[in-house]
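In terms of the numbering used here, the sequence shown opens at residue 7 and continues consecutively.
Let me begin by presenting the structure, written as structure tokens, before commenting on it.
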Amino acid sequence: MNCWTYLKKTQQSYRQSGFTLLELLIVIATIGLLLTIASGPLLGSRVKGRDQKRLEDLRQIRQALDMYLSDHGEYPPSPLGYNKNSYYNSCITNPADSRAWVHLEDLLDPYIDRLPIDPLNRPISWPWVDGVNCYAYGNVGSPNYPASAPLTPTKEPTYDLTAQLESTSHPERCAIKDYKFYFSDAHWCRAFGGGYSNQIYEASPF
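Printed below as a string of structure tokens:
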């Protein structure tokens, strides 16, 4: 049987069932278009939900950090100590790595049941890099410890608590808020001349 004969028989079978091949193709294309249209709002809703969770997660972490400060007079140190440029990272799960999130969780254990992680929590990098959805805590400043490059002691205890938002229209992203480094007042994100992602969300109160 050649291809032309096969196609004719196929068309005949579809006619017998009440549909031509062309009609079925139109139906399939229409369904595909409707699914594409419907998936847009669904995906947008998921992004919005994940971003909302990020804001809530970092709010809870801030509360735990403030309770730690109340008891200790300092915020929890970064992996390398106070006034050092180092961070804990929620995407780092190997306890052998001093930057693993579990080590910050241990420090905050009396103040929060479980330290939240980003809803996506990937890839293993830093949230100021485009496309990276991890949480980071570090750059902890203190007036009680000697200066260590690149940071210097601050008048008040300080820290960075950072996530990256997915929505490019979110009002809390760096491109709108212009977050700055507390120790130098330099801009974080590219929208204001900095070097990092415009999607950064900085939850520290400083």
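Ideal Cβ placement from N, Cα and C applies to all residues, glycine included.
Taking a contact to require three or more Cβ pairs closer than 8 Å, the segment 116-133 and the segment 177-186 do not qualify as touching.
Given a length threshold of 3 residues, each whole run of the beta strand (DSSP E) inside the segment 64-101 is given here in chain order: 93-95. When the five nearest sequence neighbours on each side are left out, the beta carbons in the same chain lying within less than 8 Å of the beta carbon of L167 are those of L64, I67, R68, L71, Y141, A142, Y143, E208, A209 and S210, in order along the chain. Judged by pairs of C-beta atoms under 8 Å, the segment 88-99 does not touch the segment 50-60, as fewer than three such pairs exist. Per DSSP, the beta bridge partners of L167 are Y143. Annotated three-state conformation of I206 is strand, per DSSP. Per DSSP, reduced to three states, the secondary structure at H193 is strand. Straight through space, the alpha carbons of L27 and P101 are spaced by roughly 60 Å. Annotated as proximal: Y165 and Y81, with beta-carbon spacing under 8 Å.
Taking all protein chains shown into account, H78 has fewer than 16 neighbouring C-beta atoms within 10 Å of its C-beta and is therefore exposed.
Spanning the alpha carbons of E111 and L75 requires a straight line of approximately 15 Å.
Secondary structure at K59: helix, using DSSP grouped into helix, strand and coil.
V108: member of the alpha helix (DSSP H) spanning W107 to L113, first to last residue. Residue pairing by DSSP puts R128 in a beta bridge opposite N139.
Relative to E172, the option among V146, S203 and P163 whose CA is nearest is S203.
Apart from sequence neighbours up to five positions away, the residues of its chain that approach V108 with a beta-carbon distance below 6 Å are P101, ordered along the chain.
The three-state secondary structure of K183, taken from DSSP, is helix. When DSSP states are grouped into helix, strand and coil, G200 belongs to the coil group.
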